[in-house]
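These notes are about the structure you will find just below.
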Amino acid sequence: MEEHRHLQGEGHSHMHHGGHSHAGHEYHEHEAKPTEQAEKDPVCGMTVSANSQFSVEHQGKTYRFCSEKCEGKFVAEPQKYVSPPAGAAIPAQDQDGTIYTCPMHPEIRQNHPGNCPICGMTLEPVIPELNEEENPELADFQRRFWWTLPLTAVVFILAMFGHRYGWMEASVQSWVELVLATPVVLWAGYPFFQRCVQSFIQRSPNMWTLIGLGTGAAYVYSVVATVAPGVFPETFAAHGRIGVYFEAAAVIISLTLVGQVLELRARSQTSAAIKSLLGLAPKTARRIKPDGSEEDVPLSHVHVGDRLRVRPGEKVPVDGVVIEGTSSLDESMITGEPIPITKRVGDHVIGATMNASGSLVIESEKVGSQTVLSQIVQMVAQAQRSKAPMQRMADKVAGVFVIAVVSIAVLTFFAWGIFGPQPSWVYGLINAVAVLIIACPCALGLATPMSIMVASGKGATNGVLFRDAAAIENLRKVDTLIVDKTGTLTEGKPAFERSIGANGFSDLEVLRLAASLDQGSEHPLAATIVEAARQQNLALDKAENFESSTGIGVRGTVAGKKLALGNTALMEAERVSAAMLTQPADELRSHGASVMYLAVDGTLAGLLAVSDPVKATTEEALKHLKEKGIRVVMATGDGVVTAKAVAEKLGISEFHGEVKPADKLALVSKFQSEGRVVAMAGDGINDAPALAKADVGIAMGTGTDVAMNSAQVTLVKGDLRGISRARQLSEATIANMKQNLGFAFVYNALGVPLAAGVLYSATGLLLSPMIAALAMSLSSVSVVSNALRLRRTEI
Numbered sequence: 001m002e003e004h005r006h007l008q009g010e011g012h013s014h015m016h017h018g019g020h021s022h023a024g025h026e027y028h029e030h031e032a033k034p035t036e037q038a039e040k041d042p043v044c045g046m047t048v049s050a051n052s053q054f055s056v057e058h059q060g061k062t063y064r065f066c067s068e069k070c071e072g073k074f075v076a077e078p079q080k081y082v083s084p085p086a087g088a089a090i091p092a093q094d095q096d097g098t099i100y101t102c103p104m105h106p107e108i109r110q111n112h113p114g115n116c117p118i119c120g121m122t123l124e125p126v127i128p129e130l131n132e133e134e135n136p137e138l139a140d141f142q143r144r145f146w147w148t149l150p151l152t153a154v155v156f157i158l159a160m161f162g163h164r165y166g167w168m169e170a171s172v173q174s175w176v177e178l179v180l181a182t183p184v185v186l187w188a189g190y191p192f193f194q195r196c197v198q199s200f201i202q203r204s205p206n207m208w209t210l211i212g213l214g215t216g217a218a219y220v221y222s223v224v225a226t227v228a229p230g231v232f233p234e235t236f237a238a239h240g241r242i243g244v245y246f247e248a249a250a251v252i253i254s255l256t257l258v259g260q261v262l263e264l265r266a267r268s269q270t271s272a273a274i275k276s277l278l279g280l281a282p283k284t285a286r287r288i289k290p291d292g293s294e295e296d297v298p299l300s301h302v303h304v305g306d307r308l309r310v311r312p313g314e315k316v317p318v319d320g321v322v323i324e325g326t327s328s329l330d331e332s333m334i335t336g337e338p339i340p341i342t343k344r345v346g347d348h349v350i351g352a353t354m355n356a357s358g359s360l361v362i363e364s365e366k367v368g369s370q371t372v373l374s375q376i377v378q379m380v381a382q383a384q385r386s387k388a389p390m391q392r393m394a395d396k397v398a399g400v401f402v403i404a405v406v407s408i409a410v411l412t413f414f415a416w417g418i419f420g421p422q423p424s425w426v427y428g429l430i431n432a433v434a435v436l437i438i439a440c441p442c443a444l445g446l447a448t449p450m451s452i453m454v455a456s457g458k459g460a461t462n463g464v465l466f467r468d469a470a471a472i473e474n475l476r477k478v479d480t481l482i483v484d485k486t487g488t489l490t491e492g493k494p495a496f497e498r499s500i501g502a503n504g505f506s507d508l509e510v511l512r513l514a515a516s517l518d519q520g521s522e523h524p525l526a527a528t529i530v531e532a533a534r535q536q537n538l539a540l541d542k543a544e545n546f547e548s549s550t551g552i553g554v555r556g557t558v559a560g561k562k563l564a565l566g567n568t569a570l571m572e573a574e575r576v577s578a579a580m581l582t583q584p585a586d587e588l589r590s591h592g593a594s595v596m597y598l599a600v601d602g603t604l605a606g607l608l609a610v611s612d613p614v615k616a617t618t619e620e621a622l623k624h625l626k627e628k629g630i631r632v633v634m635a636t637g638d639g640v641v642t643a644k645a646v647a648e649k650l651g652i653s654e655f656h657g658e659v660k661p662a663d664k665l666a667l668v669s670k671f672q673s674e675g676r677v678v679a680m681a682g683d684g685i686n687d688a689p690a691l692a693k694a695d696v697g698i699a700m701g702t703g704t705d706v707a708m709n710s711a712q713v714t715l716v717k718g719d720l721r722g723i724s725r726a727r728q729l730s731e732a733t734i735a736n737m738k739q740n741l742g743f744a745f746v747y748n749a750l751g752v753p754l755a756a757g758v759l760y761s762a763t764g765l766l767l768s769p770m771i772a773a774l775a776m777s778l779s780s781v782s783v784v785s786n787a788l789r790l791r792r793t794e795i
């Protein structure tokens, strides 16, 4: 996909013909980045060779072009394509072709990778490249984790069991732990301390602030206790040494790295929808030159007005109009319509659709970012970025919580230093460290993710796949469900419905004769009829003199009889009256079926109906949803008559027919503007923008990869009853998350004052950092144990 950005230059043009000037940058993100041997065509943005025969010198710089057309455009309007003057501000995406943004804060946009200054989250591209390499930060975090995991394990084992079994002298053990823990904290944890510092610089406290302060305090305190143990009172000595907490700092760093690796892997899937869309377009097109010869060229080299050949089995490269040939095109990946469409001279075709059997010559009308496919890509990207970022309950109070904890730690330090017993400042340091350690947000950080992880596993075993926590959080709030018809309410593929005989022909004989004739056709509807006849074990005859009449039907000879199979236009051409079957034909059409007439030797023999049947589980699923008070609306690309028939059959009172991808997106936006929480259920590429825009997108696992990648929830079996199950799981998960968060906050509400020494005057007790670290670990175990209860939830 291309993202266009035109930058208007200033000043007069000085140009020598034979080259081009550059004013507009059109970015083709799927192309290779320019190198010393390649550069951008300033008109179309395509990558061109440095030895291109088309070039223009302008203002002391040579610009090269992919074709004579681009060169001509530049010569006519050089000011339109001139680069910005020196010193002019260049938009972020023009630096390297990619804009980076924060999933939680879409207003953050910059031209290079980094972290969000608000929440510290890793930025990601707005539009990913098709052949994007592995996230460098993911690779970095994995390397840091695996290289330091053995050190963390050894430090933890020494801290837990070293003094018990007397493996070494206590003072020596402290030095050993210092040596082992230092690479973990200072190298593996370096990115976290960077984010912690950044949170102070940006004045935006977040979870990284507490993680940095907590692990930093534990480490610094332990280093001092190891290097200068004499500064601490003897009351803090245990097992022959001053207690150190290297294991707490190291374990927290390792656990945080694991969390980041899992998060980055999950977030990499959010771009899968756009990558799937980009992958639909063919890589090349077969262009017909003015002299009649043909050549295969990269898709990015195709211009408006080019003549292109589309051979059988190939994808249409760009949007255009047919100027030669006839064929049937499968447009289901774009329109959602399961039945292939016949195209002849004058008809418009859509890029990325599949040509079935005939050969076509088209004239390109829309290329690059103007094609239907590219417009859908842009809509999906916009819908994803316009989605309000999910604010977890922990994040909503993170700023206040961090400030409160740091303030308490500082207050503790000075209160003990000024008013405490001797050595007062040492007591102040120890208690301040205890506050930071016990407040390090392990339980708080695990409260939501653990519930989500367990719920995701529970859903997967029940045929419901959640892509992110936002889906689980929002699904319980849904009050409006928009459903696609084809592939969602229905099976999504043509199925033989019935045949009706006339003028002495039986129903089975009509099917047998039609199937015999259709053996010579490559049309999908023909294959459906032939398969239906074989299932009835009907003996088929060989068809002779077979011919196809574009858009109306087929003719041929079977067992010496002249047959014609097609629509009313074919019957009129054969001078066969179909009036006697008008009533059953209209009734079948009102139920959403496609009707074909069969004539034998100039006499009407009967009709055949092919339809897209409703899934067996659809009626039950819709009944359950209505019982829960959910408003169901059907939106389909099929005709209004078909849409009405299916809606009436399923008891859906509100339906919309002949809707395009943009219309479905607008429908979602309309309901959202009315204050409704909207879920969208679909299975096709045409549903992708609406799936991404909806509060919860629900894809059928039997549909396209693009739909599943755009949606937040996938029903593996394509069974709408899964929505009810997913909603029940959503309610149970949110309740579990609230329990976890409540426990985490209560733990901190009790633990922080205790660590600060509030009870010292009454009980004479202090909470040492070691006990604080143990309490912190126990709180995390409790949160995990509570989250695991979700596995027993019945849905």
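Mapping to my numbering: the sequence shown position 679 is 679, numbers consecutive.
Every residue gets a Cβ at the ideal spot worked out from N, C-alpha and C, and that includes glycine.
None of the values given here were measured: they were computed from a predicted structure.
Which same chain residues, not among the five before or five after residue i, have their C-beta less than 6 angstroms away from its C-beta?
| i | result |
| --- | --- |
| Ser456 | Phe466 |
| Ala88 | With a pLDDT of only 33 at Ala88, under the threshold of 50, the placement of this residue in the model should not be trusted; the figure read from the coordinates follows. None. |
| Asp695 | Asn474, Val677, Val678 |
| Tyr219 | Val185, Ala249 |
| Lys387 | The pLDDT assigned to Lys387 is 40, lower than 50, so where the model puts this residue is not dependable, and the model offers no usable value. |
| Gln93 | The pLDDT assigned to Gln93 is 38, lower than 50, so where the model puts this residue is not dependable, and the model offers no usable value. |
Closer than 7 angstroms by C-beta to residue i: which residues in its own chain qualify, once you throw out the five before and the five after it? Chain order, please.
| i | result |
| --- | --- |
| Leu625 | Leu481, Val632, Ile723, Ser724 |
| Asp541 | Ser516, Val558, Ala559 |
| Ala485 | As written in the sequence, residue 485 is Lys, which differs from the Ala given in the question. Once the five neighbours on either side are set aside, the close Cβ partners of Lys485 are Met634, Thr636, Asp638, Ala643, Val646. |
| Lys458 | Leu729, Leu790, Arg791, Thr793 |
| Ile242 | Ala225, Pro229, Phe232, Phe236 |
| Lys717 | Gly463, Gly701 |
| Ala281 | Leu299, Gly351, Ala352, Leu373 |
Would you mind stating whether residue i and residue j have Cβ atoms separated by less than 8 angstroms?
| i | j | result |
| --- | --- | --- |
| Gly320 | Asn355 | no |
| Gln536 | Leu508 | yes |
| Phe246 | Val372 | no |
| Ile529 | Gly606 | no |
| Thr681 | Leu720 | In the sequence as displayed, the identity of residue 681 is Ala instead of Thr. Taking 8 angstroms as the Cβ cut-off, Ala681 and Leu720 qualify as a contacting pair. |
| Val185 | Val435 | no |
| Ile652 | Val478 | no |
| Gly799 | Glu574 | With the chain represented from 1 up to 795, any question about residue 799 goes unanswered, as that position is not in the structure. |
| Ala662 | Asp683 | no |
| Thr226 | Val244 | yes |
| Val302 | Arg287 | yes |
| Asn748 | Asn786 | no |
| Leu565 | Ala502 | no |
| Glu491 | Lys615 | yes |
| Val783 | Ala744 | yes |
| Leu650 | Thr617 | no |
| Glu124 | Thr101 | yes |
| Leu178 | Val223 | yes |
Give me whichever residues DSSP pairs with residue i in a beta bridge.
| i | result |
| --- | --- |
| Met354 | Lys315, Asp330 |
| Gln110 | Tyr100 |
| Asn786 | Answer by DSSP bridge pairing: none, since Asn786 is not bridged. |
| Glu294 | Ile288 |
| Val678 | Thr480 |
| Lys623 | In the DSSP output, where bridge partners are listed per residue, Lys623 has none listed. |
| Thr342 | Ser328 |
Just to confirm my understanding: we take residue i, look at its own chain, exclude 5 residues before and 5 after, and list those with CB closer than 8 angstroms. What are they?
| i | result |
| --- | --- |
| Phe414 | Gly428 |
| Ile253 | Thr148, Thr152, Val184, Val185, Ala188, Gly189, Phe192, Thr215 |
> Which ranges does the beta strand (DSSP E) cover as unbroken runs of at least 3 residues, wholly within the region 541-620, from first to last along the chain?
Replying inline: 543-549, 553-558, 561-566, 594-600, 603-611
>> I'd like the ranges of any beta strand (DSSP E) spanning at least 3 consecutive residues and lying wholly in the region 442-519.
In response: 464-466, 480-483, 495-501
> Touch check for the region 675-690 and the region 582-596: three-plus C-beta pairs under 8 angstroms?
Replying inline: no
> Which residue spans inside the region 708-743 form an unbroken beta strand (DSSP E) run of at least 3?
Replying inline: You should have 713-715.
> Is it true that the region 304-311 meets the region 358-365, where meeting means three or more beta-carbon pairs spaced less than 8 angstroms apart?
Replying inline: yes
>> Between the region 193-210 and the region 397-412, can you find at least three pairs of beta-carbon atoms closer than 8 angstroms?
In response: The answer is yes - the region 193-210 touches the region 397-412, with three or more Cβ pairs under 8 angstroms.
>> Check whether the region 195-202 and the region 107-118 touch, using three or more Cβ-Cβ pairs below 8 angstroms as the test.
In response: yes
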